[in-house]
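Have a look at the structure below before the remarks.
In our numbering, the protein residues as written are 522 to 1312.
Next up, the structure:
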């Protein structure tokens, strides 16, 4: 049927149709590239699956990470606090001039410093610390003694106005507790400052003028780096240092790494392809055709992926760059047939000779790629689609355009390396060779694979530079604020009930801290109590005034005893989150999610994940959000799914090829890439790399590409030929797959140089898998004496 298709279909109409398709795709590409923003995604989280079990948890995580990712923290340090503050003032001024930031928070204005007190002062009689609650409930007279000691202490700073408005000095301790939740910082000349190991540190925070994953913003980091260097130079004698942390620095590093790897892989592959083609074909025309196939594949893959997904992730482009070594396989088979035919070349018949083999090769590759689309994993789906579209476009370019563009015959000359090719193939005619080599490789691969261990940690997806990690950890240590992006999602029917729930959960988290499972946490309930708690506090304060006003008035010789003359009026969660003072903690308030008031509690220093997860499971309407662990578990689950998919793909390919070649020959076609993939896994293990989901993706590639190699050998033996003609065809096939293997090795071998562990491991598996696939491909070739008997 496939042969009849090529015999009765004229090349020119197909060429025109494919030309129209490519022109449309090029037009769409230009629109995409020169639109409002470049359709390239750099956020590593975009590769990851959404939380299918709990949509509320996914919404909460997205909101919190969006809020936190747009923050940048700076610490300006010097041994001298005055110099540190002077440098911070100059640095803040310069930061505000950068378009990188929409807001810079350094020195607090006078009204901002007093904002907390002004907001809470009207509610002061119902705001108590846990210590005050216990004291007023059990020993209210001790609060009176505390006031007397404070008034007569020269260091307490109690003024007459404060004593008039807050006779029992409850409010000052409440405000002091609020500031304790902001880490180790204290207010000095309007700046938040702290001391650590003899150095004075000044805090400056800034909000990005857009997403941390925006490449236009990342490009401005060079200007920020120069600003930091200028500051250190200006205060060189004062030993000024600048520390910074923020998602944008990691995102920029990932973007630069990906760009570098795309450049290395893409340019390296192209150079290798160009040199190979010029060396083997000695002509610019085959080079032009090969580059045409590559270009059509990449353009089609990019455009259609953007149309479906909205953006192409840089991670997909890193893998997509390696398509150069795969999409050119079809071109090599056609061009090598042309080289072998010389002056006898017929372009249409040349396509007929390879059409069945390249079509079956495309189908078997698509079986592997498109199978990944069933997993609810955006990264896998995008990679699968990008690769499948790229391969199909390269295939269509060969089928539709090559018979026209390569119609002219080549110069009559012998195939390169004819003697080497003939001797190598003659070795595979020997029965011992066909048994010993595959058996030895299979046994060695089995031993290596037996010692394999898997590491599904999501952090392998991104290279984390040591200098950024060190700065982040130093800032956490100095500030006393540890944030591991682990959190509890708490939900309730309304905001009042939510505050109640938050307070209850916070009380139980204190027990987790005492048990050593947790270092700390931050919750809105630490800044505003629930209405019920406020009511209880008010009653305690009311009782204090009733029992202790007279003793306090006598001790301090007051003209009249203090009276509580303010009615109870609860401050609400909405009032708090809509006030300017809530800005540092506002990200914890999520508003309404799916009909429920929601907020998060951030967890610091989780030492026992299982204990916290068990605690959350026992609480109604509380969910433990640990995205790193969740995605790592999903990695493990999808690894199992891909293993099953790989087995099904191999079985489906076996059935497909057995329909044409028979079961015995079908096994010999499928067996080499299976052995090759196992060897690739074994070598990856021996190099010390742990295995992960991407090694199994590598096996899908090895299976798809390796099947191409064996299919061409099987096809050459499918019909009887004259012995000399068969030998020439086999030499041509071996030369073609050798060129294909070399370009694939260049493409994927360079992936092994990646600084990202997952890509590095992927590259090693494919590199050795393709080498062994090439080595064992002649196993699918029928020995000459078998063909003679069949003839």
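Ideal Cβ positions, reconstructed from N, Cα and C, are used throughout, including at glycine.
Helix, strand or coil at residue i according to DSSP, with G and I counted as helix
i	result
residue 972	coil
residue 640	helix
residue 722	strand
residue 737	helix
residue 1144	strand
residue 597	strand
residue 1242	Residue placement at residue 1242 cannot be trusted, given a pLDDT of 47 that sits under 50; the coordinates are not used to answer.
residue 1284	helix
residue 562	strand
residue 1139	coil
residue 1252	helix
residue 1006	coil
residue 1115	coil
residue 1011	strand
residue 583	helix
residue 650	coil
residue 635	coil
residue 1163	helix
residue 1274	coil
residue 749	helix
residue 803	coil
residue 1058	helix
residue 934	coil
residue 1096	helix
residue 536	helix
Spatial neighbours of residue i in its chain, beta-carbon cut-off 7 Å, leaving aside the 5 residues before and after
i	result
residue 1147	1007, 1130
residue 973	1202, 1206, 1212
residue 1171	1191, 1195, 1224
residue 1258	1230, 1233, 1295, 1298
residue 801	937, 1260
residue 821	546, 910, 911, 914
residue 1156	977, 979, 1213, 1214
residue 1222	1287
Rounded distance between the beta-carbons of residue j and residue i, thought under 8 Å
i	j	result
residue 1219	residue 1287	5 Å
residue 1297	residue 1193	4 Å
residue 613	residue 625	6 Å
residue 638	residue 713	Wrong, their Cβ atoms sit about 17 Å apart, outside the cutoff.
residue 901	residue 883	At roughly 20 Å, the Cβ-Cβ gap does not stay under 8 Å, so residue 901 and residue 883 are not in contact.
residue 722	residue 598	5 Å
residue 616	residue 622	6 Å
residue 1021	residue 1063	So it is not a contact: roughly 21 Å between Cβ atoms.
residue 1322	residue 1264	Given that the chain is displayed from residue 522 to residue 1312, the structure contains no residue 1322 and the question cannot be resolved.
residue 608	residue 725	Incorrect: roughly 10 Å between the Cβ atoms, too far for contact.
residue 861	residue 1253	5 Å
residue 764	residue 595	7 Å
residue 1160	residue 975	7 Å
residue 593	residue 767	4 Å
residue 855	residue 877	Not a contact, Cβ separation roughly 13 Å.
residue 679	residue 690	7 Å
Residues bridged to residue i (per DSSP)
i	result
residue 1212	975
residue 1110	1120
residue 764	596
residue 727	593, 625
residue 1247	The partner list for residue 1247 (beta bridge, DSSP) is empty, contrary to what the question assumes.
residue 1315	Not covered by the structure: residue 1315. The range shown for the chain is 522 to 1312.
residue 1127	1039
residue 834	562
Sequence-distant residues of its chain with Cβ nearer than 8 Å to residue i (five each side left out)
i	result
residue 817	543, 914, 915, 917, 918
residue 1210	1278, 1281, 1282, 1285
residue 719	600
Nonlocal neighbours in the same chain, by C-beta distance under 6 Å from residue i, ignoring five residues either side
i	result
residue 1178	1187, 1190
residue 677	671
residue 1097	1049, 1103
Worksheet item: Are the region 1164–1176 and the region 1068–1084 touching, with three or more C-beta to C-beta distances below 8 Å?
Response: no
Discussion item. For the region 673–691 against the region 1088–1095, do three or more pairs of beta-carbon atoms, one drawn from each stretch, fall closer than 8 Å, so that the two count as touching?
Written reply: no
Discussion item. Using 8 Å as the cut-off, can you tell me whether the region 1048–1066 makes contact with the region 639–654, which would need three or more C-beta pairs spanning the two stretches below that distance?
Written reply: yes
Discussion item. Does the region 985–1003 come into contact with the region 1096–1108, if we say contact requires no fewer than three beta-carbon pairs (one atom in each stretch) closer than 8 Å?
Written reply: no
Worksheet item: If you pair each beta-carbon of the region 544–557 with each one of the region 929–941, do three or more pairs fall below 8 Å?
Response: no
Discussion item. Could you check whether the region 1035–1047 touches the region 1116–1127, counting it as contact only if at least three pairs of C-beta atoms, one from each stretch, sit closer than 8 Å?
Written reply: yes
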